[in-house]
Ligand code: 13P
Ligand code: ZN
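Residue numbers (my numbering): 1 to 269.
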């Protein structure tokens, strides 16, 4: 028995997570247990699910998040591998609900798999999105090789320096990641400080933020769209690096070409 049985919409959402987990492994972005995914699944919760008993004790989130009152999430399990999650999402992740004090969560299904160590960042961001009235329901943390490599140079850690370079590599980058790449300086993985800095960067109106020398954190309506934004940005980083490997600095599209693109496609300036 799985909580997904007879809940086709919830099942479809979790199957999307599994599909993306497979892509992350294929891309080489998900070594060992690298990366994590959470999805706000509250809209799929019915009365029977609501009445289900918890299968764990309430555990602290590390923050009090009033905007998450009554919310439910699918979370990758801590220490679990994306390549395993791709085959068995409910054995490598679990569904949790936020307790009424908004400071704890409890696991409801299918097995007591402890959620990702980056839960403070994921849940804080979901709370922020709900408070803003955003339609975004999915968040993705992953370790895309070329984007992480860029953060080892202070040049690319300056605000919007990487965004401008990545947008200029190929028109699709700005078209499909129109808010660019926010920057969060190095902080301890899984810390509440990292969660706070992530929200601050997302609040500057980025959908994807770079965690220096670690990975990216992306949000979007669903997990496939969050993955796509990271994929187009990393593709641009690969083009940049390919040109450098051929022995020259890539020219990049001109400011006028990028301006034209934004005007014609109605992209945010
Ligand atoms: P988890 O296995 O706890 O999800 O951690 C992976 C990771 O990438 C931490 O930043
Ligand atoms: Zn990580």
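Glycine included, every Cβ here is placed at the ideal spot set by N, Cα and C.
Quick caveat, the model's predicted, so the values are computed rather than measured.
Take the alpha-carbon of residue 142 and the one of residue 192: they are about 18 Å apart. By the C-beta density criterion, residue 229 is buried, having at least 16 other C-beta atoms within 10 angstroms. Residue 100 and residue 106 have their C-alpha atoms some 11 Å from each other. Taking C-alpha positions only, residue 139 is separated from residue 125 by approximately 8 Å. Annotation for residue 22: 86 place their beta carbon closer than 7 Å to its own, counting only its chain and skipping 5 residues before and after. Taking C-beta atoms as the reference points, residue 109 and residue 94 count as a pair closer than 8 Å. Residue 53 carries a coil assignment under DSSP once its states are collapsed to helix, strand and coil. In terms of Cβ geometry, residue 265 and residue 197 do not form a close pair [threshold 8 Å]. The continuous stretches of beta strand (DSSP E) do not include residue 247, and DSSP gives it neither H nor E.
Within the stretch 153-203, the runs of beta strand (DSSP E) that reach at least 3 residues and sit entirely inside it are, in chain order, 181-184.
In the displayed model, residue 242 falls within a helix according to three-state DSSP. Contact between the stretch 64-76 and the stretch 36-49 is present, with at least three C-beta pairs closer than 8 Å. As the crow flies, the alpha-carbon of residue 172 is around 45 Å from that of residue 54.
With a threshold of 16 other beta carbon atoms within 10 Å, residue 227 meets it and is buried.
DSSP places residue 128 in the helix class (H, G or I) of the three-state scheme. Counting only residues of its own chain and dropping the five nearest sequence neighbours on each side, residue 11 has a CB closer than 7 Å to the CB of 4.
Residue 248 and residue 240 have their C-alpha atoms some 10 Å from each other.
Excluding sequence positions up to five before and after residue 25, its CB lies within less than 6 Å of the CB of 82, 83, all in the same chain and listed in chain order. For the set 96, 253, 80, the Cα lying nearest the Cα of residue 31 is the one of 80. Looking at the DSSP output, residue 75 sits in a beta bridge with 38, 94. Within the DSSP bridge table, the entry for residue 217 names 141, 209 as partners. Judged by DSSP in its simplified three-state form, residue 43 adopts helix.
Within the stretch 6-40, the runs of alpha helix (DSSP H) that reach at least 4 residues and sit entirely inside it are, in chain order, 8-27. For residue 59, the secondary structure class from DSSP, reduced to helix, strand or coil, is strand. Nearest neighbour of residue 40 by Cα position, chosen from 116, 62, 136, 157, turns out to be 136.
With 16 or more neighbouring CB atoms inside 10 Å of its own CB, residue 182 falls in the buried class.
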